[in-house]
Amino acid sequence: MFYLADSWADMVRQRRGLLGGLVAGLVTNVENMCLRHSDAVVSVTGRLGLAARDTGSRRVVVAENGTDVEIFTPEGPVWASPWDEEVPYFLYAGNYGVVHGASVFAEAAEQLWQQGHVFGLVFMGYGSEHDTLEGVQKRWPGLCALLEPVPPETAASAFRGAKGGLCSVRTMQVTLDARPAKALASLAAGCPLVYAGSGEFADEVRAEQLGLTAPWDPAAVVQLLRAALTQDRSADRSMVLAQYAKSHFDRRQAAAQVVDLFEQFETPKDIQSRGRGQA
Numbered sequence: 428m429f430y431l432a433d434s435w436a437d438m439v440r441q442r443r444g445l446l447g448g449l450v451a452g453l454v455t456n457v458e459n460m461c462l463r464h465s466d467a468v469v470s471v472t473g474r475l476g477l478a479a480r481d482t483g484s485r486r487v488v489v490a491e492n493g494t495d496v497e498i499f500t501p502e503g504p505v506w507a508s509p510w511d512e513e514v515p516y517f518l519y520a521g522n523y524g525v526v527h528g529a530s531v532f533a534e535a536a537e538q539l540w541q542q543g544h545v546f547g548l549v550f551m552g553y554g555s556e557h558d559t560l561e562g563v564q565k566r567w568p569g570l571c572a573l574l575e576p577v578p579p580e581t582a583a584s585a586f587r588g589a590k591g592g593l594c595s596v597r598t599m600q601v602t603l604d605a606r607p608a609k610a611l612a613s614l615a616a617g618c619p620l621v622y623a624g625s626g627e628f629a630d631e632v633r634a635e636q637l638g639l640t641a642p643w644d645p646a647a648v649v650q651l652l653r654a655a656l657t658q659d660r661s662a663d664r665s666m667v668l669a670q671y672a673k674s675h676f677d678r679r680q681a682a683a684q685v686v687d688l689f690e691q692f693e694t695p696k697d698i699q700s701r702g703r704g705q706a
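The numbering of the sequence shown is the numbering used here, which starts it at 428 and goes up by one.
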C-alpha cells in the first residue's frame with residue numbers, strides 16, 4: 428500500500444531552472460512507478476487521489492488528514508510554559524520544512540518584539556528551517572523557545588495554554604488543497620488558529636471562524652500575529668472549536684476508510700484456497 432500524503436514530484440516541479448527540471452523528471456518517473464505497482468493507494472486529498480488514478484493505480488481511497496480527538500481536547504493539564512502565565516505565547520507544533528515556511532512567524536515576531544510587544548513563540552518539532560529558527564532563538568532567547576518533537580500529550584497541553592496555534596503553508600499550486608494536521612490538532616485542543624496560507628483550508632478557517640488567517644507573506648503575517656494577541660481565548664470559544672474539530676476532523680473517519688480498503692485484500696488463506704481450486 429502507498430500512503431500518498433504529499434507528492435514529491437509536484438514539489439520538485441515547483442523548482443525553477445535546468446536542475447529542477449531534470450530532477451523533477453526523475454522523481455516523477457519513480458513516484459509514478461511506485462503508484463502503478465502498489466496494490467492500493469491512500470491519498471490525503473482528492474487532487475492526489477486523481478493523480479494516482481491517472482498513473483494507473485488499481486485501488487485509490489481518499490482519506491483526508493484528521494487528528495486524535497481523544498488526546499487533543501480542551502480538557503486536561505496545561506503545559507508549564509517558560510513564562511508561566513505572565514506572558515501569552517503562540518505554539519507551532521510539528522514539521523517546519525520548506526513547504527511550510529514556518530520561519531515567517533519568527534521573522535514577524537522579531538518585528539513585533541522590536542516594537543515592544545511582549546509574547547512568547549514556541550516551536551515544538553523539526554524541519555529544514557531549523558537553522559533559521561535557531562538564529563531567531565539566539566537573538567531573542569527570552570521570548571523564543573525551540574524544542575525537539577514532543578509526545579502528542581505534551582503538544583495537547585501546550586495548545587491548551589497557547590494564545591493561538593500557528594500553522595503556515597507557502598502558497599504553491601500544489602498546496603492549495605492541503606489540510607495541515609497540526610492545524611487540526613490545535614482546533615481539537617480548543618486553541619484558535621493563526622494560519623498563514625491560502626487555499627481551501629484557509630477559506631474554511633475564515634468561513635467557520637476557526638481563527639485568523641493571512642496570506643503567506645511576511646508583511647501580512649506581522650499584522651496577523653498582532654491581531655492574534657487579542658483574539659478570544661475563552662473557555663466557551665475553546666469548546667466550540669473542539670466540537671467543530673470532533674465533527675469534521677476526527678481521524679477515526681479516515682481510519683474506517685482504510686480498514687474498508689484492507690478488507691478488500693485477499694488473505695493468505697483466500698489465496699491458498701483459490702490455488703487449490705485451480706489445481
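From the three backbone atoms N, C-alpha and C, an ideal C-beta is built for every residue, glycine too.
Treat the numbers as computed from the prediction; the structure is a model and nothing was measured.
Going straight from the alpha carbon of I698 to that of F532, what length do you get? Since pLDDT at I698 reaches only 44, below the 50 mark, its modelled position is unreliable, and no value is offered.
Quick check: the region 480-493 against the region 606-617, are there 3 or more CB pairs under 8 Å? These segments touch.
For E556, count the other beta carbons within 10 Å of its own beta carbon; 16 or more makes it buried, fewer makes it exposed. Which is it? Classification for E556: buried.
Burial state of H527 (16 or more Cβ within 10 Å): H527 is buried by the Cβ-count criterion.
Under 8 Å between the Cβ atoms of P509 and A589? Going by C-beta atoms, P509 is not nearer than 8 Å to A589.
Whose C-alpha, out of Y622, N456 and D481, is nearest the C-alpha of R597? The shortest C-alpha separation from R597 is found at Y622.
Which partner residues does F550 have in the DSSP bridge list? Looking at the DSSP output, F550 sits in a beta bridge with Y519 and L573.
Ends of the beta strand (DSSP E) at L475? Bounds of any beta strand (DSSP E) do not take in L475; it lies within the alpha helix (DSSP H) bounded by G473 to T482.
Tell me which residue opens and which closes the alpha helix (DSSP H) that L652 is part of. Counting along the chain, the unbroken alpha helix (DSSP H) around L652 starts and ends at P645 to A655.
Between the C-alpha atoms of E690 and A467, what's the straight-line distance to the nearest angstrom? When only Cα atoms are considered, E690 and A467 end up about 12 Å apart.
Between T500, D433 and Q670, which lies nearest to G707 when the distance is taken from Cα to Cα? Any question about residue 707 goes unanswered here, given that the chain covers just 428 to 706.
So what does DSSP say about C594, is it helix, strand or coil? Residue state, collapsed to three classes: strand.
Are the region 622-633 and the region 659-667 touching, with three or more C-beta to C-beta distances below 8 Å? Flag = no, the region 622-633 and the region 659-667 do not touch.
Could you pull the start and end residues of the beta strand (DSSP E) that S465 belongs to? From DSSP, S465 is part of no beta strand (DSSP E); its letter is neither H nor E.
Coil, strand or helix - L639 by DSSP: Residue state, collapsed to three classes: strand.
Excluding sequence positions up to five away, which residues of its chain have a Cβ less than 7 Å from the Cβ of D687? Answer for D687: no residue qualifies.
Since L668 and L637 are thought to touch, with beta carbons under 8 Å apart, how far apart are those beta carbons, to the nearest angstrom? Taking the Cβ atoms as the reference, L668 lies roughly 6 Å from L637, within the contact range of under 8 Å.
Member of A646, A616, M599 and P619 whose CA lies at the smallest distance from the CA of E627: Closest by alpha carbon: M599.
Find the nearest neighbour of Y553 within the set Y519, D677 and G452, judged by alpha-carbon distance. Nearest C-alpha to Y553 among Y519, D677 and G452: Y519.
Secondary structure at S470, three-state DSSP: helix, strand or coil? Annotated three-state conformation of S470 is strand, per DSSP.
Beta-carbon separation of G591 and Q542 under 8 Å? No, these two residues do not count as a Cβ contact at 8 Å.
Skipping 5 residues on each side, what residues in its chain have a beta carbon closer than 6 Å to that of P515? The answer, listed in chain order, is F546 and K590.
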